[in-house]
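Asks:
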Amino acid sequence: MAGFVNLILLLACQIFVTEGKVIVVSIDGLRPDAITAHGPEKLPNFYRLRAEGAFTDNARTDFDYSETLPNHASMITGRPVLGGCGHGLNVNFGGANTKLHGKGYIASMFDVAHDHGLSTSLYATKGKFSAFSANYDAGQGAPDLTGLDHGRDKLDFYYNGASDVIMIPIIEEDFPRHRWDFSMIHLRTLDSVGHTRDWDLDLESDYMNAVVTIDGYLGKIFDLIELSPDFAGETNLIVTTDHGGTKGTYTHTVPEIPTNYTIPFYVWGPGVKAGADLYELNPDFKDPGTSRPLHDALNQPIRNGMVGNLALDLLRLPAIPGSCLNAAQGLRVSDSPVFDDLHPGLDPTGDANGNGYSNFFDYALGANPEAPHDFKLMPQMTRGRIKIFRRLNAPDVGMGLEMSLNGKSPWYPLIEGFTYRITALEETTLGRQLDVKIPFVSEKAFIRQTFIKKEAL
Ligand SMILES: [Zn+2]
């Protein structure tokens, strides 16, 4: 009997040994234009992230809050602050007594990693982060219902440091020893300097000097990855921030100010396309320009709150239960596979699963054309509106809607914004569900969804 139990444990360990590691670094109060203002000579490690990783200088914070605790709660839970899906932690103070689960359990990225048997840690330099260690400890963490029971304490280790300069050597010592599978490091220096000396992008300012200091810490994190056989070659690094900051205000609290809500987002490591723009890799996420899109806008910007589900995706783990930021784990760090990659040799016009729709049509809906048909994915029409699916980030799919009065011919193309409006969306593991309103249509009309196969660039 004992031998049997040992065998199961051994198998369970083996399953996760080769899945890689992820380190999330949140650099409190980091403005993306501070990095580009300094340039590569002063910031070799940030520029290493840019040269070897995929990134954007135009990610977004939460829509309603550009403060530390609410945004870190978003990163950790994959939820906005407010709304039906919101985590609700809307104050920037607290600690071990902060209650996250008042209206039901709010799962975290650490839950998923921990419940799958990975080791987890959080290193932070602001006392309020104890809100996270407390809400996911053995008392308040959810029971582990996934595979083996790893218990309710979702964070194997929580470290609260007084400053980055004290914490960094501890991290350098801890990581090779504990070999954390999934960890988050929070660095506070920039935010502290911003609040006391302002978010001043003059190259000689205290803030800009602190960016150079942070670059040195990043170098130490690169070193600990590359000098440890447990991390080298199999660790993904994600670097982002909770918010920016605005010169002349000594703070970042007003969420409407572009310099507060505009943030960087870097991903580096195995499987990440070098030097790539994250928006170019993700046609279904949209560079917001200088705007501040709502959380239910059709094309979402990349947000810091997508970190958790991206990290889990890189660990080959499912999304955070109940989350809604990158819940489909559709945010890609390399080129999206297209029809020809996923189904080599398959005729796009054929019908491998015999469901009456072409292989390419099934694929464009988000389905596998070689698998049994999934009827959930078919367009669903009710009076004046249609719910349709489309695959996320598929650069070879061109989608349209057409209308006919008799269901035969001719079919007229409908034009988005003019004859129909996309009013809402939901992401699933297959793709994106679009809610299409067609306001003008006469009593009787037939609508069909069309896809064309484009050449992927
Ligand atoms: Zn601050």
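Heads up: the sequence shown runs through residues 370 to 826, numbered per the working numbering. Where a beta carbon is used, it is the ideal one built from N, C-alpha and C, also for glycine.
By the DSSP assignment, the alpha helix (DSSP H) with Phe591 in it spans what residues?
Replies: Position 222 of the sequence shown, counted from the start, is the residue given in the question as residue 591. Per DSSP, Phe591 belongs to the alpha helix (DSSP H) from Asp575 to Glu595.
Asks: Beta strand (DSSP E) containing Asn529: first to last residue?
Replies: Within the sequence shown, residue 529 is the residue found at index 160, counting from 1. Per DSSP, Asn529 belongs to the beta strand (DSSP E) from Phe526 to Asn529.
Asks: Spatial neighbours of Asp765 within its chain, please: CB distance less than 8 Å, with the 5 preceding and 5 following residues excluded, ordered by chain position.
Replies: To locate residue 765, count along the sequence shown from 1; it is residue 396. Hits under 8 Å: Val707, Phe708, Asp709, Lys822, Lys823, Glu824 and Ala825.
Asks: When the Cα atoms are used, what is the spatial distance from Ile590 to Asp397?
Replies: Counting from one through the sequence shown, the residue named residue 590 turns up at place 221. Counting from one through the sequence shown, the residue named residue 397 turns up at place 28. Looking at the two C-alpha atoms, the distance is approximately 16 Å.
Asks: Compare the Cα-Cα distances from Gly563 to each of Asn651, Thr622, Ala428 and Leu412 and report the closest residue.
Replies: Translated into positions along the sequence shown, residue 563 becomes position 194. The option with the nearest alpha carbon to Gly563 is Thr622.
Asks: With ligand 1 as the reference, list in chain order each residue whose Cβ lies under 6 Å from any of its heavy atoms.
Replies: Listed along the chain, these residues meet the criterion: Gly398, Thr437, Asp560, His564 and His621.
Asks: Give the list of continuous alpha helix (DSSP H) stretches no shorter than 4 residues that lie fully inside the region 434-465.
Replies: Entirely contained in the region 434-465, the alpha helix (DSSP H) runs reaching 4 residues are, in chain order, 437-446.
Asks: Distance check for Tyr648 and Pro808, CA to CA, integer angstroms please.
Replies: Position 439 of the sequence shown, counted from the first residue, corresponds to residue 808. Position 279 of the sequence shown, counted from the first residue, corresponds to residue 648. Those two C-alpha atoms are separated by around 32 Å.
Asks: How should Ser692 be labelled, buried or exposed, when 16 other C-beta atoms within 10 angstroms of its C-beta is the threshold for buried?
Replies: Walking along the sequence shown from the start, residue 692 turns up at place 323. Ser692 is buried by the Cβ-count criterion.
Asks: In angstroms with no decimal places, state the Cα-to-Cα distance between Pro738 and Asn722.
Replies: The residue you call residue 738 lines up with position 369 of the sequence shown. The residue you call residue 722 lines up with position 353 of the sequence shown. Taking the straight line from one Cα to the other gives about 6 Å.
Asks: Once the 5 residues before and after Gly422 are set aside, which same chain residues still bring their CB inside 6 Å of it?
Replies: For the purposes of this step, residue 422 is taken as the residue at position 53 of the sequence shown. Excluding positions up to five away in sequence, the list reads Tyr635, Val636, Trp637 and Val641.
Asks: Which value, in whole angstroms, describes the spacing of the CA atoms of Thr437 and Glu542?
Replies: Taking the sequence shown and counting its residues from 1, one reaches residue 437 at position 68. Taking the sequence shown and counting its residues from 1, one reaches residue 542 at position 173. Looking at the two C-alpha atoms, the distance is approximately 27 Å.
Asks: Considering only the beta carbon of each residue, do Tyr840 and Ile537 sit closer than 8 Å?
Replies: Residue 840 lies beyond the range of the chain shown here (370 to 826); nothing can be said about it.
Asks: Check Tyr416 in the structure and name its three-state DSSP category.
Replies: The residue labelled residue 416 in the question sits at position 47 within the sequence shown. Three-state DSSP puts Tyr416 in a helix.
Asks: Counting C-beta neighbours from all protein chains within 10 Å, is the total for Glu796 16 or more, i.e. buried, or is it exposed?
Replies: Locating residue 796 in the sequence shown gives position 427, counting from the first residue. The residue is buried, with at least 16 neighbouring Cβ atoms inside 10 Å.
Asks: Given this structure, state the Cα-to-Cα distance separating Trp780 from Asn427, to the nearest angstrom.
Replies: For this step, residue 780 is matched to residue 411 along the sequence shown. For this step, residue 427 is matched to residue 58 along the sequence shown. Their backbone Cα atoms lie some 40 Å apart in a straight line.
Asks: Could you name the residues of the same chain whose beta carbon sits closer than 8 Å to that of Gly321, not counting the 5 residues immediately before and after it, in chain order?
Replies: The first residue shown for the chain is 370 and the last is 826, placing residue 321 beyond what the model contains.
Asks: Once DSSP output is grouped into helix, strand and coil, what is the label at Gly805?
Replies: Here residue 805 refers to the residue found at position 436 when the sequence shown is read from its first residue. First, the amino acid is wrong: residue 805 is Val here, not Gly. In the structure shown, Val805 sits in a strand (DSSP, three-state: E or B).
Asks: In chain order, what residues of the same chain lie with their CB nearer than 8 Å to the CB of Lys616, ignoring the 5 residues before and after it?
Replies: Locating residue 616 in the sequence shown gives position 247, counting from the first residue. Asp567, Trp568, Asp569, Leu570 and Thr628.
Asks: In terms of residues, what are the limits of the beta strand (DSSP E) holding Asp426?
Replies: Here residue 426 corresponds to residue number 57 of the sequence shown, with the count starting at 1. Asp426 -> beta strand (DSSP E) spans Ala423 to Arg429.
Asks: Suppose you measure from the CA of Gly677 to the CA of Met478; what does that come to, to the nearest Å?
Replies: Residue mapping note: residue 677 aligns to position 308 of the sequence shown, counting from 1. Residue mapping note: residue 478 aligns to position 109 of the sequence shown, counting from 1. Distance between the alpha carbons of Gly677 and Met478: 5 Å.
Asks: Is the separation between the beta-carbon of Asp599 and that of Pro639 shorter than 8 Å?
Replies: What you label residue 599 is simply residue 230 of the sequence shown in a count that begins at 1. What you label residue 639 is simply residue 270 of the sequence shown in a count that begins at 1. Contact flag unset, no.
Asks: Determine the DSSP secondary structure at Val534, reduced to helix, strand or coil.
Replies: Numbered from its first residue, the sequence shown carries residue 534 at position 165. Note: Val534 maps to helix in three-state DSSP.
Asks: Given this structure, state the Cα-to-Cα distance separating Leu487 from Val394, to the nearest angstrom.
Replies: Walking along the sequence shown from the start, residue 487 turns up at place 118. Walking along the sequence shown from the start, residue 394 turns up at place 25. Straight-line Cα distance between these residues: approximately 18 Å.
Asks: Under three-state DSSP, which class holds Lys616?
Replies: Numbered from its first residue, the sequence shown carries residue 616 at position 247. Of the three classes helix, strand and coil, the one that applies to Lys616 here is coil, per DSSP.
Asks: Over what stretch of residues does the beta strand (DSSP E) that includes Glu771 continue unbroken?
Replies: To locate residue 771, count along the sequence shown from 1; it is residue 402. It spans Val766 to Ser773 - the beta strand (DSSP E) in which Glu771 sits, taken as one unbroken run.
Asks: How close, in whole Å, do the beta carbons of Ala688 and Ala696 come, if the pair is a contact with beta carbons under 8 Å?
Replies: Residue mapping note: residue 688 aligns to position 319 of the sequence shown, counting from 1. Residue mapping note: residue 696 aligns to position 327 of the sequence shown, counting from 1. Between Ala696 and Ala688 the Cβ distance is about 5 Å, and since that is below 8 Å, they are a contact.
Asks: Residues bridged to Ile475 by DSSP?
Replies: As a first step, residue 475 must be located in the sequence shown, where it is residue number 106. DSSP, once it has assigned bridges, lists no residue as partnering Ile475.
Asks: Taking the alpha-carbon of His470 as reference, which of Gly455, Val481 and Gly735 has the nearest alpha-carbon?
Replies: Along the sequence shown, read from residue 1 onward, the residue named residue 470 stands at position 101. Closest by alpha carbon: Gly455.
Asks: Go to Leu606, then tell me how far its alpha helix (DSSP H) extends in each direction, as first and last residue.
Replies: Numbered from 1 along the sequence shown, position 237 holds the residue referred to as residue 606. Taken as a continuous stretch (DSSP letters only), Leu606 belongs to no alpha helix (DSSP H), being part of the beta strand (DSSP E) at Thr604 to Thr609.
Asks: Exposed or buried, what is Ser535 when buried is set at 16 or more other beta-carbons lying within 10 Å of its beta-carbon?
Replies: In the sequence shown, the residue the question calls residue 535 occupies position 166. Before going on, a small fix: residue 535 reads as Ile here, not Ser. Looking at its Cβ environment, which holds fewer than 16 other Cβ atoms inside 10 Å, Ile535 is exposed.
Asks: Do Phe432 and Pro624 have their CB atoms nearer than 8 Å?
Replies: Residue 432 sits at position 63 when you count from the first residue of the sequence shown. Residue 624 sits at position 255 when you count from the first residue of the sequence shown. Yes; because the gap between Cβ atoms is below 8 Å, this pair is in contact.
Asks: Does the Cβ-Cβ distance between Lys745 and Leu774 come in under 8 Å?
Replies: Locating residue 745 in the sequence shown gives position 376, where the first residue counts as 1. Locating residue 774 in the sequence shown gives position 405, where the first residue counts as 1. It is not a contact, given that the beta carbons lie outside the stated cut-off.
Asks: Starting from Asp756, follow its DSSP beta bridges and name the residues at the other end.
Replies: One-based indexing of the sequence shown puts residue 756 at position 387. The sequence shown places Lys at residue 756, rather than the Asp named in the question. Lys756 pairs with Gln749 and Asp804.
Asks: For Val608, tell me which candidate among Gly614, Ile583, Ile626 and Ala601 has the shortest Cα-Cα distance.
Replies: As a first step, residue 608 is located in the sequence shown; it is residue number 239 there, counting from the start. Val608 has its Cα closest to that of Ile583, out of Gly614, Ile583, Ile626 and Ala601.
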